[in-house]
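Each position in the sequence shown, counted from 1, maps to that position plus 1015 in my numbering.
Even for Gly, the Cβ is constructed at its ideal location relative to N, Cα and C.
Accompanying notes for the structure given below.
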Amino acid sequence: MKGELSIEKTNLFLKLDQIDKQEQQAIDGITIAVKDNFCTKNIPTTCASEMLKDFIPTYDATVYSKLINNGACLIGKSNLDEFAMGSGTVDSIFGPTRNAWGYNGDTDWRIAGGSSGGSAVAVSTGVCVAGIGSDTGGSTRNPAALCGVVGIKPTYGLVSRYGLIPLVNSMDVPGIIARNVEDATRVLNCVAGPDQLDSTTIKRDFKPIELKDIDLSNVKIGIPSEYHCDGMSEDVIDAWKFVEDLLEKEKAIIKKVSLPYTSVSIAVYSILNQCEVASNMARYDGLEFGLRTNEDYSTEELYASSRSQGFNNVVRSRIFAGNYFLLTRNYEKYFLKALKLRRLIADDFKNVFNGENCVDILLTPTTLCDAPLYGDFVSKHNRDQCAFQDYCTQPANMAGIPAVSIPIRLSKNKLPISLQLMGPNLSEELLLNVAKRIE
Ligand code: GLN
């Protein structure tokens, strides 16, 4: 791929100097960056927010402790949008993370995607072997796609959420970012499996994924027409078609399929996201958790001033919207209706994977275009359109299914463009084996 890859001024790491020495065992010596919404004992965990700026956890997230106990080496906690709300890594108290691709000086640089942009840039620039992200609506796959690296969103419950500061509990999963499918698989094999500390993990032993040369003539791949949406760039459409043809040449069976409820999924995602955010953020009251201001005239004023100083506009507006949807008079009209639609969105996937004329996996773009310029991304118009960034990624979170984003290297593209494979629950082995053929 042509284009400029620059590591300077990317604003990746928050704390390079606080690395715990740990025994090195199986993933011997690989370097990792961990998104700063995973708890790391004795190492500040800020969620890139004033609210948690001084928070030092007393325990480790399971994902992190599994990696460290197997010999991985933490090189830094990585930048994110505040509380993982965003798709650009532009809303952090530490400033935005810059994409190394297309960097052209201080006034001309592209967003890294988000919200796990710090981990994605760390991997794309070779600063570390793997990055840990979180993925609620695309936050691992989106930055992986815009930075030209591999991103995995595992099946909900395959990887423990213990110690991941919650955004939307029913959709959050830890995600993995690596330069290639093989590295990503090694990390997934290390972190997956049941965890007593997270009752939502799948209670069956995890069989490590094997990468092998699979016969694609047995694999049916669906191309969902609804993912061909307004605003998708020509380059993305070309890459999609290119890979479809490539897989067909390799004898895979390609079928056009339909996921009719995709059209409502952004609205449903937004409502459910905001409702769960409103409930999760209630713990940050300035008393038990989070920033405490000096306002002590009344408890209510202390709550209000701690939250208005502790949270940015994005977080505050989601709390506000979520509480509105959850009002007694609105609950049925918005929250319950969104839950019902979420079920129909998940059923769409069940139908294409199990119904008549079914397929094994789906091939779609990950993002609608390549990495936008920072100035364009934060413009008022684009802020209003922000939810649309997740068009291709959030349905997998609502259905709980696994997805992998893979960079597609076409020489005509100056910036990374990536495609996504999605499959039924626990189909990671097939997804990663097909991904390996594409990369
Ligand atoms: N962009 C989405 C949001 O802001 C996804 C976030 C995520 O996956 N953490 O809700």
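**OP:** Please list, in chain order, all residues of the same chain as residue 1107 whose beta carbon is under 7 Å from its beta carbon, the five residues on each side excluded.
**Re:** Residue mapping note: residue 1107 aligns to position 92 of the sequence shown, counting from 1. Cβ within range, chain order: 1063, 1094, 1095, 1096 and 1097.
**OP:** Give the DSSP-derived three-state secondary structure of residue 1307 in the structure shown.
**Re:** Residue numbering aside, residue 1307 sits at position 292 when the sequence shown is read from its first letter. Reduced to three states, the DSSP call for residue 1307 is coil.
**OP:** Compute every distance between the C-beta of residue 1435 and the non-hydrogen atoms of the ligand GLN, then say whether any falls below 7 Å.
**Re:** Within the sequence shown, numbered from 1, the residue matching residue 1435 stands at position 420. False, no ligand heavy atom lies under 7 Å from that Cβ.
Original post:
Whole alpha helix (DSSP H) runs in the region 1399-1429 with 4 or more residues, listed along the chain?
Top reply: 1409-1414
Original post:
Is the region 1261-1281 close to the region 1407-1420, with three or more CB pairs under 8 Å?
Top reply: yes
Original post:
the ligand GLN heavy atoms versus the CB of residue 1160: any closer than 7 Å?
Top reply: In the sequence shown, the residue the question calls residue 1160 occupies position 145. No; taking the cut-off as 7 Å, the Cβ of residue 1160 has no heavy atom of the ligand GLN nearer than that.
**OP:** Determine, using beta-carbon pairs with one atom in the region 1200-1217 and one in the region 1078-1092, whether at least three such pairs fall under 8 Å.
**Re:** yes
Original post:
Counting along the chain, where does the beta strand (DSSP E) carrying residue 1081 start and finish?
Top reply: Sequence index remark: in the sequence shown, residue 1081 carries index 66 (1-based). Looking at the DSSP string, residue 1081 is not in any beta strand (DSSP E); the run it does join, the alpha helix (DSSP H), is 1077-1084.
Original post:
Using the C-alpha atoms, what's the distance from residue 1308 back to residue 1439?
Top reply: For the purposes of this step, residue 1439 is identified with residue 424 of the sequence shown, where counting begins at 1. For the purposes of this step, residue 1308 is identified with residue 293 of the sequence shown, where counting begins at 1. Between residue 1439 and residue 1308, the C-alpha separation is close to 47 Å.
Subject >> Pairwise C-alpha distance: residue 1183 and residue 1288 >> reply: Position 273 of the sequence shown holds residue 1288. Position 168 of the sequence shown holds residue 1183. Straight-line Cα distance between these residues: approximately 6 Å.
Subject >> Reduced DSSP secondary structure (H/G/I, E/B, other) of residue 1071 >> reply: For the purposes of this step, residue 1071 is taken as the residue at position 56 of the sequence shown. Three-state DSSP puts residue 1071 in coil, outside helix and strand.
Original post:
Smallest Cα separation from residue 1436: which of 1349, 1156, 1216 and 1245?
Top reply: One-based indexing of the sequence shown puts residue 1436 at position 421. The residue with the shortest Cα to Cα distance from residue 1436 is 1156.
Subject >> Local Cβ density within 10 Å of residue 1351, reported as buried at 16 or more and exposed below that >> reply: Walking along the sequence shown from the start, residue 1351 turns up at place 336. Counting Cβ neighbours within 10 Å, residue 1351 comes out exposed, since fewer than 16 surround it.
Original post:
Which stretch, first to last residue, makes up the alpha helix (DSSP H) that contains residue 1165?
Top reply: Within the sequence shown, the letter at position 150 stands for residue 1165. Unbroken run through residue 1165 is the beta strand (DSSP E), 1165-1168; no alpha helix (DSSP H).
**OP:** Flag this pair as touching only if the region 1320-1335 and the region 1131-1150 have three or more C-beta atom pairs under 8 Å; answer yes or no.
**Re:** Put simply, the region 1320-1335 does not touch the region 1131-1150. Fewer than three CB pairs are less than 8 Å apart.
Subject >> Sequence-distant residues of its chain with Cβ nearer than 7 Å to residue 1338 (five each side left out) >> reply: One-based indexing of the sequence shown puts residue 1338 at position 323. Correct list, in chain order: 1293.
Subject >> Every unbroken alpha helix (DSSP H) inside the region 1110-1173 [4 residues or more] >> reply: 1132-1139 and 1156-1162
**OP:** Consider the C-beta atom of residue 1211 and the heavy atoms of the ligand GLN; say whether any pair is separated by less than 7 Å.
**Re:** The residue you call residue 1211 lines up with position 196 of the sequence shown. Not so, every heavy atom of the ligand GLN lies at least 7 Å from the Cβ.
Original post:
Going by DSSP, what residues sit across from residue 1088 in a beta bridge?
Top reply: By 1-based counting over the sequence shown, the position of residue 1088 is 73. Bridge partners of residue 1088: 1046.
Original post:
So what's residue 1056 in DSSP terms, helix, strand or just coil?
Top reply: Residue mapping note: residue 1056 aligns to position 41 of the sequence shown, counting from 1. Correct three-state label for residue 1056: coil.
**OP:** Report yes if the C-beta of residue 1152 is less than 7 Å from at least one heavy atom of the ligand GLN; otherwise report no.
**Re:** For the purposes of this step, residue 1152 is taken as the residue at position 137 of the sequence shown. Indeed, a heavy atom of the ligand GLN lies less than 7 Å from the Cβ.
Subject >> Span of the alpha helix (DSSP H) around residue 1193 >> reply: Indexing the sequence shown from 1 puts residue 1193 at position 178. That residue, residue 1193, is in no alpha helix (DSSP H); its beta strand (DSSP E) goes 1188-1193.
**OP:** Check whether the Cβ atoms of residue 1152 and residue 1409 lie closer than 8 Å to each other.
**Re:** Indexing the sequence shown from 1 puts residue 1152 at position 137. Indexing the sequence shown from 1 puts residue 1409 at position 394. Between residue 1152 and residue 1409, the C-beta gap is smaller than 8 Å, which places the two residues in contact.
**OP:** Decide if residue 1275 is buried, meaning its Cβ has at least 16 other Cβ atoms within 10 Å, or exposed.
**Re:** What you label residue 1275 is simply residue 260 of the sequence shown in a count that begins at 1. With fewer than 16 Cβ atoms within 10 Å of its Cβ, residue 1275 is classed as exposed.
Subject >> Cutoff 7 Å; reference residue 1445; Cβ partners in own chain excluding five residues on either side >> reply: The count along the sequence shown starts at 1 and reaches residue 1445 at position 430. Closer than 7 Å at the Cβ level, and outside the excluded window around residue 1445, lie 1375, 1376 and 1438.
Original post:
How do the region 1243-1257 and the region 1381-1396 stand: do at least 3 beta-carbon pairs fall below 8 Å, yes or no?
Top reply: A contact exists between the region 1243-1257 and the region 1381-1396.
Original post:
Measuring from the CB of residue 1115, is there a heavy atom of the ligand GLN at a distance below 7 Å?
Top reply: Counting from 1 along the sequence shown, the entry for residue 1115 is found at position 100. No - the ligand GLN has no heavy atom lying nearer than 7 Å to the Cβ of residue 1115.
**OP:** Kindly provide the ranges of any alpha helix (DSSP H) runs that are 4 or more residues long and lie completely inside the region 1350-1392, ordered along the chain.
**Re:** Listed in chain order, they are 1352-1369 and 1389-1392.
Subject >> Segment contact flag, the region 1176-1193 with the region 1066-1078, C-beta cutoff 8 Å, min 3 pairs >> reply: yes
Original post:
Distance, Cα to Cα, residue 1128 vs residue 1314?
Top reply: One-based indexing of the sequence shown puts residue 1128 at position 113. One-based indexing of the sequence shown puts residue 1314 at position 299. If you take the alpha carbons of residue 1128 and residue 1314, they lie about 38 Å apart.
Original post:
Leaving out five residues before and five after residue 1319 in sequence, what residues of the same chain have Cβ atoms less than 8 Å from its Cβ?
Top reply: Within the sequence shown, the letter at position 304 stands for residue 1319. Here the set comprises 1310.
Original post:
Helix, strand or coil: which one does DSSP assign to residue 1238?
Top reply: Numbered from its first residue, the sequence shown carries residue 1238 at position 223. Strand, per DSSP.
Original post:
Start and end of the alpha helix (DSSP H) containing residue 1330?
Top reply: Counted from its first residue, the sequence shown places residue 1330 at position 315. From DSSP, the alpha helix (DSSP H) with residue 1330 extends over 1328-1340.
Original post:
Looking only at C-alpha atoms, which of 1201, 1266 and 1344 sits nearest to residue 1230?
Top reply: Position 215 of the sequence shown, counting from 1, holds the residue named residue 1230. The candidate whose alpha carbon is nearest that of residue 1230 is 1266.
Original post:
For residue 1424, which option in 1326, 1195, 1367 and 1306 has the closest C-alpha, if you only look at C-alpha atoms?
Top reply: Taking the sequence shown and counting its residues from 1, one reaches residue 1424 at position 409. Of 1326, 1195, 1367 and 1306, the residue nearest in Cα terms is 1195.
Original post:
If you measure from the CB of residue 1099, is any heavy atom of the ligand GLN nearer than 7 Å?
Top reply: Residue 1099 sits at position 84 when you count from the first residue of the sequence shown. Result yes, Cβ under 7 Å from the ligand GLN.
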